[in-house]
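Just below is one structure, and these are the notes that go with it.
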Amino acid sequence: MPSSSPAVALERPTGQRRLVRRIFSAPALIVPTFIAVHIWLGVWGLTHYGWPFGDVTSVYHWWSYQAVREGTWFGLTDQWVYPLLAMIPMLLTLLFSTSFGLDYTVTWLGLVTVLDVAALLVFTEGLRNRHRLRLVWWWMAALLALGPVAIGRIDVVALALAIMGLSLLEHRPRAAGLLLAVGTWVKIWPAALLLAGLAAFRRARRRLVMPGVWLTAGLAALAMLVSAVRGQGLSGLATLFGFVRGQTSRNLQVEAVGATWGLWQARAGDGSVVYNTEIYTNELISDSSVAITQGVTVAMGLIAAAVALLALVQVRRSREPRLVAAWASLALVTALIVCNKVGSPQFEVWLIAPVLLLGAMRAPHWWRPAVLVTLIGVLTQVIYPYWYGYLLNLSEWMLWVITVRNLALVALMVWGVVGLMRLPRVRR
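Shown next as structure tokens:
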């Protein structure tokens, strides 16, 4: 054979890989597939057992109806479990569904699909960034792994805002700060991403934080105005921030990471699962549940402070603010899940944002936490909605499933901290 044959043989796979990369970064393939994934999840959730869109169909619909018909604007006139701006997508869904004679849940699915496509466009820089376009395939895989609940809760709205905010974090900090602030006023967890950004990008801190300050001030002024008109003095502030008290007063939910050992104890007879009719959750009641609930809340604050401090140290040592923001985001968001007294299945959708940021920043071995997040999604879908009854009945096989899932979440949090610690130092 000619002496050039080995070189040709070595070049051929490279050419094939380039072709594959071009195909899988083609917007003409990615965007329709992205929309198809959302349609598939919507159809699956509407037609299969488990009622994964139950919150949208009943609770969100009822809340928005109460606002329009009865004047009960949750978060403004009445205390609520969510921040005030969570009402906006619910009201928009009601507006479009009634205007066009559509089903409320179907309209919700359509609106979140449009919002996710907008997030895709921002994340991929208008479909021009081929590297980020390839990352969208993992985004779709993560949604499919978690199942219909990934698009059937208010968390998906916060996720889209978070992805857009993270995409603009480095070059447009004001827009990023505004998007993350709005996301925080939809569902609290994007505040962790904002904290990571503030720790990493020192020169942009004012531009990152001020949009949120002005937004919060505006909402506070609106709340006080409404309470004054209603003759309730300054009670509007208590109503506006009522979601904080609502979260701190909750009991330990059965899906929470902190409830893992308690579930095994309950199976042995020490404790029980009780349904809370006020907030529609199943809670673990045992001799240790109160102490665990208080302990995880304290741990959340301590871990968040420690990660933020570590990020401040690492950004000075490594001079890599993008990687610091990415690893800190993963650690902080996962800590919010691990140290949460609530463990709703949709929480796992939060993990998509920091992993996409890790991939976009080309963090070393970013695909490893991506694989772990996908596994966490699969295990979560096994738990809810299809076999949730086995968890409530404390079946042994299901307790093993949720134990493995919860251990994987702890491992992911540790992975984020280790990734932050291992950033290479810059020699001076």
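Position 154 (the sequence shown) corresponds to 139 in my numbering; numbering is contiguous.
Note that the Cβ used here is the ideal one computed from N, Cα and C, for glycine as well.
Contact under 8 angstroms by Cβ, residue i with residue j
| i | j | result |
| --- | --- | --- |
| residue 57 | residue 51 | yes |
| residue 20 | residue 134 | no |
| residue 196 | residue 157 | no |
| residue 202 | residue 309 | no |
| residue 178 | residue 165 | yes |
| residue 183 | residue 190 | yes |
| residue 127 | residue 359 | yes |
| residue 136 | residue 23 | yes |
| residue 419 | residue 335 | Examination of residue 419 is not possible in this model, given that the chain is present from -14 through 413 alone. |
| residue 240 | residue 370 | no |
| residue 397 | residue 357 | yes |
| residue 315 | residue 339 | yes |
| residue 67 | residue 228 | yes |
| residue 142 | residue 37 | no |
| residue 373 | residue 35 | yes |
Neighbour-count burial assignment, residue i, 16 or more Cβ in a 10 Å radius
| i | result |
| --- | --- |
| residue 279 | exposed |
| residue 82 | buried |
| residue 140 | buried |
| residue 47 | exposed |
| residue 391 | buried |
| residue -5 | With a pLDDT of 40 at residue -5, under the threshold of 50, the modelled position of that residue is not reliable, and no figure is offered here. |
| residue 263 | exposed |
| residue 414 | As displayed, the chain neither begins before -14 nor continues past 413, which places residue 414 out of reach and without an answer. |
| residue 219 | exposed |
| residue 333 | buried |
| residue 343 | buried |
| residue 337 | buried |
| residue 254 | exposed |
| residue 456 | What the structure shows of the chain is the stretch from -14 to 413, and residue 456 is not part of that stretch, so it cannot be assessed. |
| residue 277 | buried |
Through-space distance from residue j to residue i, alpha-carbon basis
| i | j | result |
| --- | --- | --- |
| residue 297 | residue 247 | 36 angstroms |
| residue 352 | residue 345 | 11 angstroms |
| residue 268 | residue 301 | 43 angstroms |
| residue -11 | residue 2 | Note that residue -11 scores a pLDDT of 39, beneath 50, so its modelled location is shaky; the value from the coordinates is reported in the next line. Their Cα atoms are separated by approximately 21 angstroms. |
| residue 152 | residue 306 | 14 angstroms |
| residue 383 | residue 33 | 20 angstroms |
| residue 60 | residue 170 | 10 angstroms |
| residue 181 | residue 251 | 38 angstroms |
| residue 399 | residue 11 | 35 angstroms |
| residue 281 | residue 243 | 7 angstroms |
| residue 150 | residue 112 | 17 angstroms |
| residue 188 | residue 155 | 10 angstroms |
| residue 258 | residue 304 | 49 angstroms |
| residue 326 | residue 209 | 31 angstroms |
| residue 256 | residue 49 | 37 angstroms |
| residue 341 | residue 120 | 7 angstroms |
| residue 416 | residue 207 | Residue 416 is absent from the structure shown; the chain starts at -14 and stops at 413. |
| residue 192 | residue 407 | 28 angstroms |
| residue 289 | residue 130 | 28 angstroms |
| residue 138 | residue 84 | 22 angstroms |
| residue 225 | residue 87 | 31 angstroms |
| residue 63 | residue 275 | 27 angstroms |
| residue 162 | residue 99 | 22 angstroms |
| residue 114 | residue 381 | 47 angstroms |
| residue 235 | residue 17 | 41 angstroms |
| residue 395 | residue 104 | 28 angstroms |
| residue 55 | residue 249 | 45 angstroms |
| residue 217 | residue 40 | 31 angstroms |
| residue 261 | residue 4 | 55 angstroms |
| residue 401 | residue 212 | 43 angstroms |
| residue 65 | residue 28 | 30 angstroms |
6 angstroms Cβ shell around residue i - same chain, five flanking residues per side excluded
| i | result |
| --- | --- |
| residue 284 | 324 |
| residue 118 | 10, 15 and 109 |
| residue 328 | 238, 240 and 241 |
| residue 318 | 177, 335 and 339 |
| residue 26 | 133 and 136 |
| residue 92 | 78, 81 and 82 |
| residue 355 | 123 and 340 |
Chain-order list of residues whose beta-carbon lies under 8 angstroms from that of residue i (same chain, five-residue window excluded)
| i | result |
| --- | --- |
| residue 405 | 292, 295, 296, 299, 309, 312, 313 and 316 |
| residue 96 | 74, 77, 78 and 81 |
| residue 368 | 240, 330, 376, 383, 386, 387 and 390 |
| residue 393 | 357, 360, 361 and 364 |
| residue 167 | 70, 146 and 200 |
| residue 410 | 302 and 303 |
Cutoff 7 angstroms; reference residue i; Cβ partners in own chain excluding five residues on either side
| i | result |
| --- | --- |
| residue 205 | 222 and 225 |
| residue 403 | none |
| residue 273 | 247 |
Query - Minimum length 4: unbroken alpha helix (DSSP H) runs contained in the segment 97 to 160 - result: Under the rule that a run must span 4 or more residues, the alpha helix (DSSP H) segments found entirely inside the segment 97 to 160 read 115 to 131 and 140 to 152.
Requested in this report: Identify every run of the alpha helix (DSSP H) within the segment 165 to 228, keeping only runs that are complete inside it and at least 4 residues long; order them along the chain.
Outcome: Secondary structure within the segment 165 to 228: the alpha helix (DSSP H) runs of 4 or more consecutive residues, fully enclosed, are 175 to 185, 190 to 214 and 220 to 225 (chain order).
**Report entry** Ranges of the beta strand (DSSP E) found wholly within the segment 236 to 270, counting only runs of at least 3
**Finding:** Runs of the beta strand (DSSP E) lying entirely within the segment 236 to 270, each at least 3 residues long, are 257 to 261 and 266 to 270 in chain order.
Query - alpha helix (DSSP H) segments (min. 4 residues) lying fully within the segment 265 to 346 - result: Positions of the alpha helix (DSSP H) runs, each at least 4 residues long and wholly inside the segment 265 to 346, are given as 274 to 303, 306 to 323 and 337 to 345 in order along the chain.
Query raised in the report: Mind pulling the alpha helix (DSSP H) runs of 4 or more residues that sit fully within the segment 24 to 94?
Result: With a minimum length of 4 residues, the continuous alpha helix (DSSP H) runs that stay inside the segment 24 to 94 are 46 to 50 and 72 to 84.
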